[in-house]
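Peer 1: Per our numbering, the sequence shown starts with residue 232, numbered consecutively.
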Amino acid sequence: MNRPFFLTAFLAAALSSGAGTSTNLIREPGTRLTADSFFTVHVPSKAGDGNFNDKTSRWVSTADGREHWLAAEFSAPREVNRIALHFWTDGHLATDFDVQAKFNNEWKTVREVRGNRERVVRAVFPTIRTETLRILFRRQIPDNMVRLYEFTADRMEQPVAVTLSAAFHGGLLLPGRRPELLLDHCEPEKTIQLPVSIRLLDEHGKVLKTRRQACVVRQRAAVPLPLPDEYGSYSYEINLLDTPVPAVYFAPAPSVYRSSSPFGAHYHSSAPAFAHHAGIWWWRNHDVYGRWNFYLSSAGKTDWSDYEERLEFVRRNQLRECSVYLGAPRQYSTILPGEPVTGDLDWLYSYYPPADLDAWRRLYLTPMAEKIKQASPFRAHEVWNEAWSYYRLRGPHGTAGEAAALFRSSYETLKRVDPEALVYATDVKPEATENPYAYRNFGRDLFDLGFLRYTDLLSYHSYGIMSYPRLEQLRRNLWAYGRDYDLWSTETAVEGKPFPALLESLAAHRAAGNGKTFLYTGDKWAPLRLDGKPTLYLVAQAALCRTLGDALPLGFFTADGIRVFVFANGGTAAAVLCTDSAEPVRVDRLLSEGSSLEDIYGRRFRHDLPLLTRDNPLIAIRPPDALVRRALAERLAFHGTERGGEMLPPVANRMKTADDTTWDTLLDHEIAALRRMRRQAADQQLYTTGKALDLLVNARIMLDRRAGNTVNSGTTRAALRDALAAQWREITRRTGNDGILPDTERLTSRAQKELQFAAMYDSDGDAAARERFLESAAEALANGRSRLAGEAVAHVYKTKSAFRSAKRLIRSERYCFPNGRPQEAVITLANPFGRELAGTLAVTPPDGWQADRTQLAYRVPPMSRQLLKLRLTAPETFAPGKIHRLTATDQAGQFPALEAECEIVRQVPSHPILGGSLSTGEFTGN
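1) Helix, strand or coil for residue 1146? Go by DSSP, reduced to three states.
2) Count the other CB atoms within 10 Å of the CB of residue 237; is the residue buried (16 or more) or exposed (fewer)?
3) Return the CA-CA distance between residue 1112 and residue 1045, expressed in angstroms with no decimal places.
4) Using only the alpha-carbon positions, how far apart do residue 728 and residue 463 sit?
5) Which same chain residues end up closer than 8 Å to residue 1076 when comparing Cβ atoms and leaving out the 5 residues on each side of it in sequence?
6) Given this structure, state the Cα-to-Cα distance separating residue 927 from residue 1087, to the nearest angstrom.
7) Could you give the residue range of the beta strand (DSSP E) that holds residue 356?
8) Return yes when the Cβ of residue 359 is within less than 8 Å of the Cβ of residue 332, no when it is not.
9) Suppose the cutoff is 6 Å on Cβ atoms and the five residues either side in sequence are ignored; what does the same chain contact list for residue 853 look like?
10) Going by the CB atoms, is the gap between residue 385 and residue 265 shorter than 8 Å?
11) Whose CA, out of 299, 1038, 1091 and 692, lies closest to the CA of residue 1136?
12) Can you tell me whether residue 1134 is helix, strand or coil according to DSSP?
13) Taking C-beta to C-beta, are residue 301 and residue 278 nearer than 8 Å?
14) Does DSSP put residue 444 in a helix, a strand or coil?
15) Relative to the C-alpha of residue 587, which candidate in 575, 294 and 640 has its C-alpha closest?
16) Going by CA-CA distance only, name the one from 795, 352 and 403 that's closest to residue 770.
17) Here's the rule I'm using: 16 or more other beta-carbon atoms within 10 Å means buried, otherwise exposed. How should residue 317 be labelled?
18) Which whole-angstrom value is the C-beta distance of residue 567 and residue 626, which I expect to be below 8 Å?
19) Quick one: Cα of residue 842 to Cα of residue 833, how far?
20) Is DSSP giving residue 517 helix, strand or coil here?
21) Rounding to the nearest angstrom, what Cα-Cα distance links residue 662 and residue 649 in this structure?
22) Tell me whether residue 422 is buried or exposed, calling it buried when 16 or more other Cβ atoms sit within 10 Å of its Cβ.
23) Indicate whether residue 1074 and residue 1119 have their beta-carbon atoms separated by less than 8 Å.
24) Using the C-alpha atoms, what's the distance from residue 293 back to residue 1078?
25) Only counting the same chain, and skipping five residues up and downstream in sequence, which positions put a Cβ closer than 8 Å to that of residue 880?
26) From residue 436 to residue 461, what does the alpha carbon distance come to, in whole angstroms?
27) State whether the region 556-567 contacts the region 579-598, with contact taken as three or more CB pairs (one from each stretch) at a distance under 8 Å.
28) Can you name, in chain order, every residue of its own chain whose Cβ lies under 7 Å from the Cβ of residue 1153, other than the five neighbours on each side?
29) Ordered along the chain, which non-local residues of its own chain (more than five positions away) have a Cβ less than 8 Å from that of residue 1026?
30) By the DSSP assignment, the beta strand (DSSP E) with residue 598 in it spans what residues?
31) Under the rule that 16 or more other beta-carbon atoms within 10 Å means buried, what is residue 752, buried or exposed?
32) Taking Cβ to Cβ, would you say residue 1061 is nearer than 8 Å to residue 1018?
33) Since residue 806 and residue 844 should fall inside the 8 Å C-beta cutoff, what is the C-beta to C-beta distance between them, to a whole number of angstroms?
34) Could you tell me the distance, in whole angstroms, from the CA atom of residue 523 to the CA atom of residue 468?
35) Identify which residue in 1141, 1146 and 1148 has its Cα closest to the Cα of residue 572.
36) Measure from the alpha carbon of residue 621 to the alpha carbon of each residue in 606, 660, 653 and 605, then state which is nearest.
See below:
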């Protein structure tokens, strides 16, 4: 089946429509649109120009104040009983608004709308006659601005609001729920009769069921929708609505694995059914709510009410919250004075680091984390977003040194407030490769500055298709700096690709060892809803949540053109099957009589049917244990070809030749043997055998669950947490924070990772998995402790120097200065060591330039940074476009010399501009 990536009908435009056609009064000659405000060129008249698609053809209010209004003044009194508002996106709309008409110079509310979540919303009301109609916007998301493509108004022959009941869940058909078509008569003193015709169509347009009846409507009438007999994509053709209404019907996901689920999403589209039915329990708030300047005004007024309302949704549905901390109100921001903003809620504030870290901790991190701790049963706190990006870490403070200081300060505060939660630094481009949207060497600089000391895991963003080598690069960079942490992709999407590419990429993330993967659901990357309708991205992610559960990786391989990703789900296995073949492929040679196949909707098929195609990936349910052993053997053999894996090929052979009666015992034997060997192993042997051990322990957990084994690790989370903290303190005492004990810290961080896994499974009530991970954590901790006293300190940390001043382009490290006039520049010195560094920096300006100081004394605190300011004056006469170079050298040799590219201009811009298109593909960050 060749399915598009979104469903083909337009739900939002259909709802609240009505019978008959009429004239849009807003487009009549003589109608004038006015508003309380407008932003730049987005004047009120653009909300009535008939353009529903061009971003430049919108009315956009300012962000001043919460309430705004848009009014239509007709050339003469008109009868009207319906309006429609076409907002910009699903995430930029008004949730609360009033429809008002002017009578005798006074505004009267004729319809209130509360809790709207549709991009296109219609409101019907009793017929009125008026010269002026107004929409009073009372609440918007994600900020105070109204962003509106079009405002329409008309007079229906019969003012009947046609909607779908709450049981329709915005296009989700749920087992046991009976959605209805609701007819609400806005003039109940008149009884009317409406013919209703409803046809249920499958995804190919075939009519499956029909319902016809005459409805007598005085106040409200309800007509049940015919329901499909099996899972799939459908649409309803309803004679009273303008367009077909799409719907999806898929099997529910069990709610066993919530904290330990590897799949998450963003709040751009969220609903209780996305958790309780689709099984998506982890949610990241970035780009939706949580920025500091949303809750503290420039006048100093604190208002947490919107945030607390958001958290009530989290609390009510027991969601696992991934909370991103960024932004600062103007009084605590490093935003450039000339940077234009729309008001206190402008997102530009989240692109500049905070100016006052004490206020950041006291007024923002602490109260926000306290609130999250009370709302979410299992939490993660993320500091900033895409700090590597020129676009998202701007101004004189936009350096790796500043980011490291922010990460350290935030980590210590958040762990103190919420010690049970995970706290981590945002994506810093840990691949340590260059791209045109990133500061040069940013990821490598963060590693050199030791930022891994201030994070519980490694976060990254993985746009595009995931592969093992791509994830391996991240893991090896971690290893080089003494860490064996969990990996989280907190944003992923496969831009412009249909759902099968995304489904396979999600499976590949997990199969390669990634911990959690969050779909980025904003814009058109991987939305769960698009224009109000559910997408196949939602169906695909729900399929993985349903069939894979906690998805403990058991290996992956390719056979006969079929890519096979095998996972443990509770006590059974499941396998995601993908192919590039356009023709149906048989998979029965991989499976057995006890296996079945399932598509993304949850439709079950016999294992021997040729159904797998590139457009129709399948999940094998209950594949035989022989398939699991094959997957394990394939990966063990592969790791045997990697450096440090020389002892793994015999393990792979024994796994390959085991049978159902012997592999339980074999697993215990191989795990014990690997652990003994690892007591003497070092560096690459520890690295590679660690990946093998992960696979074997995962298989052991699956068999324990299946057999109902009572597992006793001999320790507790609390005891291991105390021992882990003591071991980190002893490591710090030995290193003085001047370097690392490589293998000691790798093993200690591995224990920390496995203790985090144990906490997740404890939250989910899975005692077998909890105890096995406690057992593994205790072993890794003991292995690390045995090396602590004797391992030599590796001096991997390095100081960093950075120069910043005004510039013309955001994506640039070339700085501009006015001719003949002084301008401030800032040099940041970042110190990763556990001791203070003091000395003098010698600055050499370009020929003909003047500096107010050429000797800059510095005293940089331990594991911190210092900003040194100077004023530079360029010559009055200059050659446009010529590059001038400033150098600075540390006389003590403690900080690296720097060279800054500078240019002279007649007029320095008040702020840099983007100077190019937004980023796409594998690189985000803008």
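The C-beta atom is built at its ideal place from N, Cα and C for all residues, glycine as well.
Remember, predicted model here, so these are calculated numbers, not experimental data.
Peer 2: According to the data block:
1) coil
2) For residue 237, the predicted structure reports a pLDDT of 31, less than 50, and the residue's modelled location is therefore unreliable. The matter cannot be settled from this model.
3) 11 Å
4) 20 Å
5) 1082, 1085, 1103 and 1117
6) 57 Å
7) 351-372
8) yes
9) 803, 825 and 826
10) no
11) 1038
12) strand
13) yes
14) strand
15) 640
16) 403
17) buried
18) 6 Å
19) 14 Å
20) coil
21) 29 Å
22) exposed
23) yes
24) 47 Å
25) 867, 868 and 871
26) 16 Å
27) yes
28) 694 and 695
29) 969 and 970
30) Taken as a continuous stretch (DSSP letters only), residue 598 belongs to no beta strand (DSSP E), being part of the alpha helix (DSSP H) at 597-606.
31) buried
32) no
33) Incorrect: roughly 17 Å between the Cβ atoms, too far for contact.
34) 45 Å
35) 1141
36) 660
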